[in-house]
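Just so you know, the sequences run in chain order A and B. Just add 446 to wherever you are in the first sequence, counting from 1, and you've got this note's numbering. Just add 446 to wherever you are in the second sequence, counting from 1, and you've got this note's numbering. Data block below; observations after.
Protein chains: 2
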Amino acid sequence: MSAHATHECVQLVPIFQELAADQLDTIESIVQHHHYLPGETLFNADDPLDTLMIVSGGQAKVYQLAANGREQLLYLLQTGDIDGEAALFENKRRTSYGEALVPTDVCSIRREDFQTLMQKYPSISINVLNVFGKRLTQLERQTTSTATESVEARLANYLTETAASLKVTAFKLPLKKKDLATFLGTTPETISRKLTRFEQVGLITQKPGKIIQINDADQLLLIE
Amino acid sequence: MSAHATHECVQLVPIFQELAADQLDTIESIVQHHHYLPGETLFNADDPLDTLMIVSGGQAKVYQLAANGREQLLYLLQTGDIDGEAALFENKRRTSYGEALVPTDVCSIRREDFQTLMQKYPSISINVLNVFGKRLTQLERQTTSTATESVEARLANYLTETAASLKVTAFKLPLKKKDLATFLGTTPETISRKLTRFEQVGLITQKPGKIIQINDADQLLLIE
DNA sequence: TTTGTTTCTTGATGCCGGTCAAGTTTTTAT
DNA sequence: ATAAAAACTTGACCGGCATCAAGAAACAAA
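And the structure:
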């Protein structure tokens, strides 16, 4: 599996899941591989949006900058996630910034190539529509949540959801407080305070290494 | 409204724009027409999401309810807009509420029919992807804006953008203050106050009938 | 280790904007 | 038209959370 290092990227990606091995080979042959160190930039706002990016390993954050310079984290890209679909069909520019949080591998496909692929394998468009749909639903919730709920409720919700999606009761925060803060639309200081408060009333326990242990998920979800 | 059942609905919709007249006829023959009075419900959260809705006239709001009961306006559907694409490809339920603001006409297409159409006319999927992309981009901006900018900045931005998109310098607010408030993530009272303040410093002029006249768009955009 | 740097925590302070309330204007209905 | 209801405005109050600042802890490099 060296020159044969084949579908490393593409087989990870849900949007290609219905395809056969030889079709994946075809795709793999047209992707470009990149590696990014922590802190390195994957893309900037205003960059021409001409490639679809596939994260084949690592972790990266996608964020926007508001007019006042404040940062808003929109997505946390994990292995198998894609980015750049948003305007693959228009000739727009990016509106967000992408930055590796850990050593990260990315495969990219040029727009024209991807469009050809979609014509050839219609299942891809359907899958892309699915990705869009999920992302829209997620963003709608995030918008509603940041606009209408208290920081405490948002944080409590984030903790219980993360634990639930990992099917665990204790987990390590996947982000620095600063990034978590921009994701939840607040500040690192407030996160610290709220976590301390949750611990004081027994809802969670904090352990060294950013480990959070959920003690009472039901109560956490009742916070408003 | 629909005296002669031509392609009244479907010809309005960007996603069908490449299709020929007889193809539009085919589509028109499978849509269902509905009419809603102001305040009537188009759909509720938890409704099965099995139809694509096309607004052929009027205006409707799409909003979510947060856990604490507060409302968040996500989209304002106008003639030609569609809704329900989000989960046309999964068997999910709705997460938002739809409500007519004025007398509103809607055509709907059942999911299976729409999927058949997409197979038959591939241009439709591409167009749907475009709609998704625009909506995602818009929501990303809205998320960033509500999470990071002041109410004053958001309102100022809304005013200048609305004026710009209408290519006018004075316009009638298309929403009641309450709805505008839930769109901007604030309250009717605060909107009133901020508008009064803008007027006091000469940035805008308010005229009877919810008419807003922009006097200094540049200054408005500098507010933070 | 030791040193420097980044991240995190905790305190003090202030303000934006939400809430409640009362009065006014506009819209709708009769 | 007048009456009733809904929408809007303005004031008073105050609480949540951002900001600024300083110290503690965690991490990285040499």
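The beta carbon of each residue, even a glycine, is placed where N, CA and C say it ideally should be. Remember, predicted model here, so these are calculated numbers, not experimental data.
Just verifying my parser: in three-state terms, what is the DSSP assignment at residue i?
i        : result
B/ARG540 : coil
B/GLU474 : helix
B/ASP529 : strand
B/THR589 : helix
B/ARG556 : strand
A/ALA663 : helix
B/GLY655 : coil
B/HIS450 : Legend: pLDDT at B/HIS450 = 40, less than 50; position of this residue unreliable, value from coordinates given subsequently. Of the three classes helix, strand and coil, the one that applies to B/HIS450 here is coil, per DSSP.
A/GLN518 : strand
B/ALA546 : strand
B/ILE500 : strand
B/ALA627 : helix
B/GLN505 : coil
A/THR487 : strand
A/ALA467 : helix
A/ALA616 : strand
Given this structure, state the Cα-to-Cα distance separating residue i from residue j, to the nearest angstrom.
i        : j        : result
A/GLU464 : A/LYS640 : 45 angstroms
B/GLN478 : B/THR487 : 17 angstroms
B/ARG643 : B/ILE650 : 9 angstroms
A/LYS656 : A/LEU619 : 6 angstroms
B/ALA627 : B/LEU522 : 13 angstroms
A/GLY503 : A/LYS623 : 22 angstroms
B/GLU586 : A/GLU598 : 22 angstroms
B/LEU495 : B/SER554 : 12 angstroms
A/SER448 : A/LYS580 : Because A/SER448 sits at a pLDDT of 34, beneath the cut-off of 50, its placement in the model cannot be relied upon, and the following sentence gives the value as read from the coordinates. Taking the straight line from one Cα to the other gives about 35 angstroms.
A/GLY648 : B/HIS481 : 53 angstroms
A/ASP529 : B/ASN576 : 15 angstroms
B/THR632 : A/GLN565 : 45 angstroms
B/LEU470 : A/ASP468 : 38 angstroms
B/GLU558 : A/GLN584 : 25 angstroms
Cβ closer than 9 angstroms: which chain A residues qualify as neighbours of residue i?
i        : result
B/GLY579 : GLU531, ALA532, ALA533, LEU534, PHE535, GLU536, LYS538 and PHE578
B/ALA599 : ALA512, ALA513 and ASN514
B/LEU673 : The first residue shown for chain B is 447 and the last is 670, placing residue 673 of chain B beyond what the model contains.
Considering only C-alpha positions, which residue in the set the options is nearest to residue i?
i        : options                                   : result
A/GLY515 : A/TYR543, A/VAL501, A/PHE578 and A/GLN505 : A/TYR543
B/THR525 : B/GLU670, B/GLU454 and B/PRO634           : B/GLU454
A/ALA512 : B/THR590, B/ILE658 and B/PHE629           : B/THR590
B/ALA546 : B/ARG556, B/GLY485, B/GLY631 and B/ASN603 : B/GLY485
B/GLN510 : A/LEU563, A/GLN588, A/ARG600 and A/ARG540 : A/GLN588
B/GLU474 : B/ASN490, B/PHE560 and B/ARG539           : B/PHE560
B/THR562 : A/PHE462, A/ILE572, A/THR562 and A/LEU458 : A/ILE572
B/PRO549 : B/VAL501, B/PHE617 and B/ASN537           : B/VAL501
A/ILE660 : A/ALA602, A/SER638, A/SER569 and A/PRO654 : A/ALA602
B/THR405 : B/ALA663, B/GLU635, B/THR636 and B/SER638 : Residue 405 of chain B lies beyond the residue range present for chain B, which begins at 447 and ends at 670; the question has no answer from this structure.
Is residue i near the ligand MG, judged by its Cβ being under 7 angstroms from some heavy atom?
i        : result
B/ARG540 : Absent from the structure shown: the ligand MG. Ligands present: none.
Check the Cβ of residue i against every Cβ in chain B and list those closer than 9 angstroms, keeping chain order.
i        : result
A/THR636 : What A/THR636 touches in chain B: nothing, since even the nearest Cβ is about 13 angstroms away.
Which residues in chain B have a C-beta closer than 8 angstroms to the C-beta of residue i? List them in chain order.
i        : result
A/SER542 : GLU586
A/SER591 : ALA512
A/GLU645 : In chain order: nothing, as chain B lies at least about 22 angstroms away.
Identify the contact partners of residue i in chain A, using a Cβ-Cβ distance below 8 angstroms as the criterion.
i        : result
B/GLU558 : By Cβ distance, chain A contributes nothing, its closest Cβ being about 14 angstroms from B/GLU558, past 8 angstroms.
B/ARG518 : As written in the sequence, residue 518 of chain B is Gln, which differs from the Arg given in the question. Under the 8 angstroms cutoff, chain A gives THR589, THR590, ALA593 and THR594.
> For the segment 455-478 of chain A, which residues have a beta carbon sitting closer than 9 angstroms to at least one beta carbon of chain B?
Replying inline: Against chain B - using a Cβ distance shorter than 9 angstroms - the segment 455-478 of chain A contributes no residues.
> Using a beta-carbon distance cut-off of less than 7 angstroms, what residues from the segment 622-633 of chain B approach chain A?
Replying inline: GLY631
> Which residues, in order along the segment 600-611 of chain A, keep a beta-carbon less than 9 angstroms from a beta-carbon of chain B?
Replying inline: ASN603
>> Output needed in chain order: residues of the segment 479-513 of chain B with a Cβ under 7 angstroms from some Cβ in chain A.
In response: GLN510, ALA512 and ALA513
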